[in-house]
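Q: Residue numbers (my numbering): 1 to 118. Supplied in structure tokens, the structure appears directly below.
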Amino acid sequence: MMALVLVASGGFFGAIARFSMSNLIKKKYPMRFPIATLVINLLGAFLLGFLIGKGVHQSWQLLLGTGFMGAFTTFSTFKLENIQLHADKKWKILTAYLLISYTFGILLAFLGMKVGGI
Numbered sequence: 001m002m003a004l005v006l007v008a009s010g011g012f013f014g015a016i017a018r019f020s021m022s023n024l025i026k027k028k029y030p031m032r033f034p035i036a037t038l039v040i041n042l043l044g045a046f047l048l049g050f051l052i053g054k055g056v057h058q059s060w061q062l063l064l065g066t067g068f069m070g071a072f073t074t075f076s077t078f079k080l081e082n083i084q085l086h087a088d089k090k091w092k093i094l095t096a097y098l099l100i101s102y103t104f105g106i107l108l109a110f111l112g113m114k115v116g117g118i
């Protein structure tokens, strides 16, 4: 039961953080490129890698990793934006978005782990 409370609590704050950060980025940098989702997902990849690298206790992994980062980052929005770019035939933006997201997402997760101590 405690695991459920930790994940739910982290998810609550992660969703609020994503919503707030996404709106702030979109307001400051209005563009066709989905910069808000990209920044949030890359930051989340780094932070999750950092948590794992630190070897935090399972309770913290549930609260911050599964809960907060799970709600903060957004794979479904990422996929939807890719489909929309494809449907709009925005090939250059789509290609750049995919390459940057996957390449730098993996690299930042790895870097986070290294900075965290692994």
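Idealized CB from N, CA, C, for every residue including glycine.
(1) From Lys27 to Gly112, what distance separates their C-alpha atoms?
(2) Looking at Ile52 and Ile100, is the spacing between their C-beta atoms short of 9 Å?
(3) Measure the CB-CB distance between Thr37 and Thr74 and report whether it falls below 9 Å.
(4) Can you tell which of Gly55, Phe13, Ala17, Ser20 has its C-alpha closest to the C-alpha of Val115?
(5) When the Cβ atoms of the segment 79-94 are set against those of the segment 9-28, are three or more pairs found closer than 8 Å?
(6) Of all Cβ atoms in chain B, is any one closer than 9 Å to the Cβ of Phe50?
(7) If the criterion is Cβ atoms closer than 9 Å, does the pair Phe72 and Ala17 meet it?
(8) For Gly44 and Phe33, what's the separation of their Cα atoms in angstroms?
(9) Out of curiosity, what's the CA-to-CA distance linking Leu6 and Met69?
(10) Within 10 angstroms of its Cβ, does Gln61 collect 16 or more other Cβ (buried), or is it exposed?
A: Answer, in terms of the structure:
(1) Numbered from its first residue, the sequence shown carries residue 27 at position 27. Numbered from its first residue, the sequence shown carries residue 112 at position 112. Going from the Cα of Lys27 to the Cα of Gly112 covers about 28 Å.
(2) Taking the first residue of the sequence shown as position 1, residue 100 is located at position 100. Taking the first residue of the sequence shown as position 1, residue 52 is located at position 52. Against a cut-off of 9 Å, the Cβ pair of Ile52 and Ile100 comes out as no contact.
(3) Reading the sequence shown from its first residue, position 37 is the one you call residue 37. Reading the sequence shown from its first residue, position 74 is the one you call residue 74. It is a contact, given that the beta carbons lie within the stated cut-off.
(4) As a first step, residue 115 must be located in the sequence shown, where it is residue number 115. When only C-alpha atoms are compared, the closest one is Gly55.
(5) no
(6) In the structure shown, chain B cannot be found, because there is only a single protein chain.
(7) Along the sequence shown, read from residue 1 onward, the residue named residue 72 stands at position 72. Along the sequence shown, read from residue 1 onward, the residue named residue 17 stands at position 17. Yes.
(8) Counted from its first residue, the sequence shown places residue 44 at position 44. Counted from its first residue, the sequence shown places residue 33 at position 33. Approximately 19 Å between the Cα atoms of the pair.
(9) Here residue 6 refers to the residue found at position 6 of the sequence shown. Here residue 69 refers to the residue found at position 69 of the sequence shown. Each residue's Cα considered, the two are about 12 Å apart.
(10) Locating residue 61 in the sequence shown gives position 61, where the first residue counts as 1. It counts as buried.
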